[in-house]
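Accompanying notes for the structure given below.
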Amino acid sequence: ALSNPYTGVVAIFSARLLNGEPPLVFEDGEQRRDFVSVHDIVQALLLAEESPAAVGQAINVGSGESVSVREVAETLAGVLGVEISPELTARYRVGDIRNCFADITRARRLLGYEPRVSFQHGLEELVEWLAEQERPEDGVASHAAELAARGLTL
Numbered sequence: 325a326l327s328n329p330y331t332g333v334v335a336i337f338s339a340r341l342l343n344g345e346p347p348l349v350f351e352d353g354e355q356r357r358d359f360v361s362v363h364d365i366v367q368a369l370l371l372a373e374e375s376p377a378a379v380g381q382a383i384n385v386g387s388g389e390s391v392s393v394r395e396v397a398e399t400l401a402g403v404l405g406v407e408i409s410p411e412l413t414a415r416y417r418v419g420d421i422r423n424c425f426a427d428i429t430r431a432r433r434l435l436g437y438e439p440r441v442s443f444q445h446g447l448e449e450l451v452e453w454l455a456e457q458e459r460p461e462d463g464v465a466s467h468a469a470e471l472a473a474r475g476l477t478l
């Protein structure tokens, strides 16, 4: 659900932007993540089902590309057609990692997997879906207060 602050950064940023609020970005916004479309995940699962070489293997599935969290916020605002810049908090969450993105070499080699949905197109599909949904509740303030109360932000 988009109103749940634990669902992921794209959902959280969407809820903020749709409520006229800036996405709150931890650190300096340059931490990087791999965003993959559900269409690409399904493709990989179907390929794995048909691939004897995949049996017993751990295979990373992703886009194979990293995007900064700041870029996520800016691109999403652009796709939504709102002129709201992200707010960089310069705060850190305890236990967060700086960069996390998939090495899809094994998926390519064993499955013949190749991501088809670009980050931009994936966000465009999300925005189409969002247009059909009720406006999400922005739960970021209460979530931020909870993190601070538990000593999980610095």
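Using my numbering, read the sequence shown as starting at 325 and increasing by one per residue. Where is the CB? At the ideal position from N, CA and C, for every residue including glycine. These numbers were taken from a predicted model, which means no experiment stands behind them.
CA-CA distance, residue i and residue j?
| i | j | result |
| --- | --- | --- |
| proline 376 | glutamate 470 | 47 Å |
| alanine 431 | arginine 357 | 18 Å |
| glutamate 395 | glutamate 373 | 34 Å |
| glycine 475 | threonine 413 | 16 Å |
Return the Cβ separation of residue i and residue j in integer angstroms, given the expectation that the two are a contact with Cβ distance under 8 Å.
| i | j | result |
| --- | --- | --- |
| proline 487 | valine 360 | The displayed coordinates of the chain run from 325 to 478. Any statement about residue 487 would go beyond what the structure contains. |
| phenylalanine 350 | arginine 422 | With a Cβ gap of about 11 Å, phenylalanine 350 and arginine 422 do not count as contacting. |
| aspartate 420 | asparagine 384 | 20 Å between Cβ atoms; not a contact. |
| alanine 382 | tyrosine 437 | Between tyrosine 437 and alanine 382 the Cβ distance is about 14 Å, and since that is not below 8 Å, they are no contact. |
| valine 406 | leucine 341 | 5 Å |
| glutamate 287 | alanine 339 | Only positions 325 to 478 of the chain appear in the structure, and residue 287 is not among them; the question remains open. |
By the DSSP assignment, the alpha helix (DSSP H) with residue i in it spans what residues?
| i | result |
| --- | --- |
| valine 393 | 393–404 |
| glycine 446 | 443–454 |
| phenylalanine 337 | 333–342 |
| glutamine 355 | No alpha helix (DSSP H) contains glutamine 355, which DSSP labels as neither H nor E. |
| glutamate 373 | 362–373 |
Closest to residue i by C-alpha separation, out of the options, would be which residue?
| i | options | result |
| --- | --- | --- |
| proline 346 | Leu404, Ala378, Glu449 | Leu404 |
| glutamate 389 | Ser442, Arg415, Arg474 | Ser442 |
| tryptophan 362 | Ile336, Ala455, Ser387 | Tryptophan is not the amino acid found at residue 362; the sequence shown has valine there. Of the candidates Ile336, Ala455, Ser387, the one whose C-alpha sits nearest the C-alpha of valine 362 is Ser387. |
| arginine 433 | Gly353, Ala378, Gln355, Leu400 | Ala378 |
| glutamine 444 | Ile336, Gly380, Ala397 | Ala397 |
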